[in-house]
Every structure is written in C-alpha cells, then in structure tokens.
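Have a look at the structure below before the remarks.
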Amino acid sequence: MDTLETRELRYFIAVADELHFGRAAERLGIAQPPLSRAIQQLERRLGVTLLDRDRRGVSLTGAGEVLLQEGRAALDATTAAVRRTRRAGGADGPGDHRDRLVLAVKAGAFHELLDKLLDAYAAEPGAAEIEVLPSGTCEQEEMLRDGRADVALMHTPFNSLAGFESVELMTERQVAILPARHPLAAREMLSLAEISDVPDLPLARWARHGTYPPGPGPEVHDQTQLAQLIALGRTMTVFPESARTWLWDEHAAVPLSDAPLVSTHIAWPAHSRSRALAGLVRTASRL
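Start counting the sequence shown at 1; every next residue gets the next number (the UniProt record's numbering).
And the structure:
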C-alpha cells in the first residue's frame, strides 16, 4: 500500500522527535500501548524498520530519517492546504468571499519598502485585503510552508528560498545597532571582529526553534525588548540598514565594513496560483 494517513505520520513524528514512546504518547494525549502498535503496523505496511529499539532506548533507522523529513513536509502541506482554503473561502464565514493575503515580515525590518508596497498595491483595481503578520528572525520560511502566510518578505543570506518562487526587491548593507552613549557609537565604520567580543556590550541572542545560540548576551524575544536592552547599554545587535527607521534617540547605527550584503525578496510557494498574490508580486516588482 502506497498511502499514509495523517494520523500515522503524526504518531511517527512524535516518536521520532522524542525518541521515547512514553513521552510521545503523553505529547499525543494517548496511551503508550496503542501508539506502539500503530508504529509496528506502519512498519509492517511499509515493509521497513523505522525505529531501532533496544534497552538503551529508541533511535531512527535510515528509513526512519527519510520518513521523518518527508512526513514533516507532508503534514505541513496538509496544514497549509487547510489554512489557505479557509482564507480563500472568506475570513468572516461561508458567505464572505473577499480575497485576503497574509504577508509575513520580519518585525522591525524595511518599514519604508513595506509602506510603499502596501500603498501601491492598495491603489490597484481589485486589490485584495493584506494582513501583515510580523514574525521573529527566520520564521517567515516556516510560515510559508505551513500555510500561516501566503507570501513573505525574506532576507538572504539569513532566509532560505529553497522551494519558493521569489523576486529580489533590494540589496543593502548591514549595521551594528548599539547604545548611542557607547564609545563604539562614535566610529564611522566597524568590523565584525570588533563587535564580536566587546565585554561590556555582548551581542543579543535571538531564539530560533526554541533555542538560543551560545554566548554571554541576553536572550531576546521581540523587538521591543531588544530596543530597550540596547538603550540601557546591555546589548547590541546587527540588522539591515533599513532598520534605522525604528531606532530610538538612545540608539546609534554604525555600518559594518565586512558584513555580507542583505537582499530582500518577496517569496511565495512555488505551486501558488492565486491571482491576488500574482498582483501583489507584480506591484512589488515595479517598486
């Protein structure tokens, strides 16, 4: 049999993530015996061993690694289909069929570009309603893949455009954002090496997938917290130059001489056939 049920994929992914049947069962809200039986039945149907089980615990086989990767993508696609179908049917109920697009953007970035894009698109005949959804660092990819967003403004090299269609809109340099009263704020230019090891001003650490990179800097959850910590002289960060638009008087932005250039792209799922999305992309390309 060449078909899989979404329930089977959810069960397997939970076990593969936890590598423990008891924790996976608790996460799923079911008892452990039926979960174990479901995984065994899945292995028999597929004719492969997905999990190695011994007294030391549970580990993924090569086949299990493949199913974990492919299964995640399949569940994301199913979830995305449900979300986008509901949006296409109207946000306010079955009788409301207004076009609506969800645009994911990195919080605090490219205000000027976003304002121009939204104003220009709103002036187009038949323009759809645009819901702007600010997101954390690098979350736009996940939001496009799981259907929370229809389109996104993404940065390379920080965001991956793999699997998406995209159009490059602008390229800019990066700047260090630091307290205005700090001695480094008076510099005309800084290097990455110079800001990587400042004892009294460690780089902020952003969460990604629930974890933080190692280092002495504070753990930052959102832009407001970051702005306040910089103003208090507790941290600094690196952003594209367009972030100057949200700086406070207590902040300074100093260009970085050796940081890679950042390109902003408008990106969308490769399979999308939305006319509203096509119109937004055309407007963005003209800008």
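For every residue, glycine included, the Cβ atom is placed at its ideal position computed from N, Cα and C.
About 17 angstroms separates the CB atoms of residue 281 and residue 155; that is not less than 8 angstroms, and the two are not in contact. By the neighbour-count definition (other C-beta atoms within 10 Å, threshold 16), residue 150 is a buried residue.
Under the three-pair Cβ rule at 8 angstroms, the stretch 116-123 does not count as touching the stretch 61-69. Taking residue 18 as reference, the option from 212, 260 and 58 with the minimal CA-CA separation is 58.
Here residue 140 has 104, 105, 106, 149, 152, 153, 154, 159 and 267 as same chain residues with Cβ atoms under 8 angstroms from its own Cβ, once five neighbours each way along the sequence are excluded.
Inclusion of residue 251 and residue 278 in the CB contact set at 8 angstroms is not warranted, their separation being larger than that value. Rounded to the nearest whole angstrom, the C-alpha separation of residue 189 and residue 257 is 6 angstroms.
DSSP lists 135 as the beta-bridge partner residues of residue 106.
The way I'd put it, the stretch 225-239 doesn't touch the stretch 74-85; fewer than three beta-carbon pairs between them come closer than 8 angstroms. With 16 or more other Cβ atoms from the protein chains shown falling within 10 Å of its own Cβ, residue 254 counts as buried. In the structure shown, residue 235 falls within a coil segment according to DSSP collapsed to helix, strand and coil. In this structure, the CA atom of residue 245 is about 15 angstroms from the CA atom of residue 180. Rounded to whole angstroms, the gap between the alpha carbons of residue 240 and residue 40 is 50 angstroms. By the C-beta density criterion, residue 84 is buried, having at least 16 other C-beta atoms within 10 angstroms. Per DSSP, the unbroken beta strand (DSSP E) holding residue 266 starts and ends at 262-269.
Under the three-state reduction of DSSP, residue 168 is assigned to strand. Collapsing the DSSP output to three states places residue 206 in a strand. Residue environment analysis places residue 163 among the exposed positions, since fewer than 16 neighbouring C-beta atoms fall within 10 angstroms of its C-beta. Linking residue 260 to residue 4 through their CA atoms gives a straight-line distance of about 43 angstroms. Leaving aside the five residues that flank residue 229 on each side, the residues in its chain whose CB is nearer than 8 angstroms to its CB run, in chain order, 204, 218, 220 and 235. Ranked by how close their Cα comes to the Cα of residue 112, the residues 169, 177 and 102 have 169 in first place. Shown here, residue 154 sits in a strand according to DSSP, grouped into three states. Contact between residue 100 and residue 131 holds: their C-beta atoms lie close to 6 angstroms from each other, under 8 angstroms. Less than 8 angstroms divides the Cβ of residue 31 from the Cβ of residue 25. Boundaries of the alpha helix (DSSP H) around residue 284: 275-286.
Counting along the chain, residue 22 sits inside the alpha helix (DSSP H) bounded by residues 21-28.
Nearest C-alpha to residue 29 among 42, 48, 7 and 44: 7.
The alpha-carbon separation between residue 63 and residue 44 amounts to approximately 13 angstroms.
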